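Heads up: the structure comes next, in structure tokens.
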Amino acid sequence: MDPPRSSFSWDKVINYSFLAEFDILCDTEDGIQSKPWTRPSYCLAMDKYFKILQAREEIQWLNIEIKHVVTWIRDEDRFLRKKEAEYQDTDPLLAVQISRYCRHRAWSDDNHMQ
Numbered sequence: 356m357d358p359p360r361s362s363f364s365w366d367k368v369i370n371y372s373f374l375a376e377f378d379i380l381c382d383t384e385d386g387i388q389s390k391p392w393t394r395p396s397y398c399l400a401m402d403k404y405f406k407i408l409q410a411r412e413e414i415q416w417l418n419i420e421i422k423h424v425v426t427w428i429r430d431e432d433r434f435l436r437k438k439e440a441e442y443q444d445t446d447p448l449l450a451v452q453i454s455r456y457c458r459h460r461a462w463s464d465d466n467h468m469q
């Protein structure tokens with residue numbers, strides 16, 4: 356192509372994306388473009404701040420979910436061990452299968468509990 360097109364760098368693309376967020380504000384008469392929060396560095400700082408807030412909230416939810424998973428693992432193991440003992444005399448083949456399943460689950464659960 357004559358003349359050759361200029362190439363874009365990732366920084367240019369990101370900057371254009373940032374500027375596009377404020378197209379609607381460019382036509383105002385309040386001098387919004389001179390506000391500190393319109394600067395790219397301030398916008399990036401705000402983005403990081405809100406991501407940190409979201410991460411803290413996510414950590415709180417995960418701490419609750421972890422307790423649920425640990426409780427489920429414990430209850431499931433107790434239930435399976437009880438059923439294994441229950442079928443030991445009446446259906447030993449089923450008891451063996453439950454035991455194998457328990458061993459497999461114990462291996463998997465141990466990985467989750469670390």
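Its first residue numbered 356, the sequence shown is counted upward by one per residue in the working numbering. Virtual Cβ for every residue (Gly too), placed ideally from N, Cα, C. Owing to the predicted nature of the structure, the values given are computational and were not obtained by experimental measurement.
Practice item. Note down, in chain order, each residue of its chain lying with its Cβ closer than 7 Å to the Cβ of Ile-453, except the 5 sequence neighbours on either side. Key: Residue mapping note: residue 453 aligns to position 98 of the sequence shown, counting from 1. Excluding residues within five positions, the ones whose Cβ falls inside 7 Å are Leu-435, Lys-438, Glu-439 and Tyr-442.
Practice item. To the nearest angstrom, report how far apart Asn-466 and Glu-413 are at their CA atoms. Key: Counting from one through the sequence shown, the residue named residue 466 turns up at place 111. Counting from one through the sequence shown, the residue named residue 413 turns up at place 58. If I take the Cα positions, the gap works out to 22 Å.
Check your understanding: Taking the Cβ atom as the reference point for each residue, do Ile-428 and Asp-464 lie within a distance shorter than 9 Å?
Key -> Indexing the sequence shown from 1 puts residue 428 at position 73. Indexing the sequence shown from 1 puts residue 464 at position 109. With a cutoff of 9 Å on beta-carbon distance, Ile-428 and Asp-464 are scored as near each other.
**Study point:** Simplified DSSP assignment, three categories, for Arg-394
**Key:** Against the sequence shown, residue 394 aligns to sequence position 39. Residue state, collapsed to three classes: coil.
Check your understanding: Relative to the C-alpha of Trp-462, which residue among Leu-449, Ala-450 and Asp-432 is closest?
Key -> By 1-based counting over the sequence shown, the position of residue 462 is 107. For the residues Leu-449, Ala-450 and Asp-432, the minimum Cα distance to Trp-462 belongs to Asp-432.
Check your understanding: From Trp-392 to His-459, what does the alpha carbon distance come to, in whole angstroms?
Key -> Sequence index remark: in the sequence shown, residue 392 carries index 37 (1-based). Sequence index remark: in the sequence shown, residue 459 carries index 104 (1-based). Approximately 55 Å between the Cα atoms of the pair.
**Study point:** Spatially closest choice to Gln-469 from Arg-455, Thr-445, Ile-421 and Pro-447, by CA coordinates
**Key:** On the sequence shown, position 114 is the one that residue 469 refers to. For the residues Arg-455, Thr-445, Ile-421 and Pro-447, the minimum Cα distance to Gln-469 belongs to Ile-421.
Check your understanding: Just reading off the alpha helix (DSSP H) that Gln-469 is part of, what are its end residues?
Key -> If you number the sequence shown from 1, residue 469 lands on position 114. Element bounds for Gln-469: n/a, residue is neither H nor E.
Check your understanding: Do you know how far the Cα of Tyr-456 is from the Cα of Val-329?
Key -> Look at the range of the chain in this structure, 356 to 469, and you will see that residue 329 is not part of it.
Check your understanding: By Cβ distance, which residues of its chain are closer than 8 Å to Ala-410, with the 5 residues on each side in sequence left out?
Key -> Taking the sequence shown and counting its residues from 1, one reaches residue 410 at position 55. Sequence-distant Cβ neighbours of Ala-410 in its own chain, meaning closer than 8 Å and more than five residues away, do not exist here.
Review point. Quick one: Cα of Asp-402 to Cα of Gln-388, how far?
Key: The sequence position of residue 402 within the sequence shown is 47, counting from 1. The sequence position of residue 388 within the sequence shown is 33, counting from 1. Whole-angstrom Cα-Cα distance: 18 Å.
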